[in-house]
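S.K.:
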Amino acid sequence: MTKDDAETYVKAKISQIESMQKSLKDNYYDMDLENADVQTKIEDVVARAYFELSKLKSELEALKFEETK
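Be aware that the sequence shown starts at 25, since it is given in the working numbering, and climbs by one per residue.
1. Excluding the 5 residues preceding and the 5 following Tyr52 in the sequence, name in chain order all residues of the same chain whose CB lies nearer than 6 Å to its CB.
2. Is the region 58 to 75 touching the region 27 to 34 in the sense that three or more CB pairs, one from each, lie closer than 8 Å?
3. So what's Lys88 in DSSP terms, helix, strand or just coil?
4. Are the CB atoms of Lys81 and Ile38 nearer to each other than 7 Å?
What follows is the structure in structure tokens.
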């Protein structure tokens, strides 16, 4: 895999992560949660998932690639 290919691949993965984060938030806001306990639990799950995706995104953004010979 060339440096350009690797960078393109990582950019695509970052884009997918951003899309997942947006979907998580949008789907959470679209939920009609009447039960406060359920709402709190779902909110916690969404927050943890969003945080983990943010960490993964940061790790991917920090990757540096070098040309191979």
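Positions of the beta carbon are idealized from the N, C-alpha and C atoms, including for glycine. Since we're looking at a predicted model, the values are computed, not measured.
M.R.: This is what the structure holds:
1. Here the question's residue 52 lines up with position 28 in the sequence shown. Closer than 6 Å at Cβ, skipping near neighbours: Val70.
2. no
3. Counted from its first residue, the sequence shown places residue 88 at position 64. Note: Lys88 maps to coil in three-state DSSP.
4. In the sequence shown, the residue the question calls residue 81 occupies position 57. In the sequence shown, the residue the question calls residue 38 occupies position 14. The answer is yes: Cβ separation under 7 Å.
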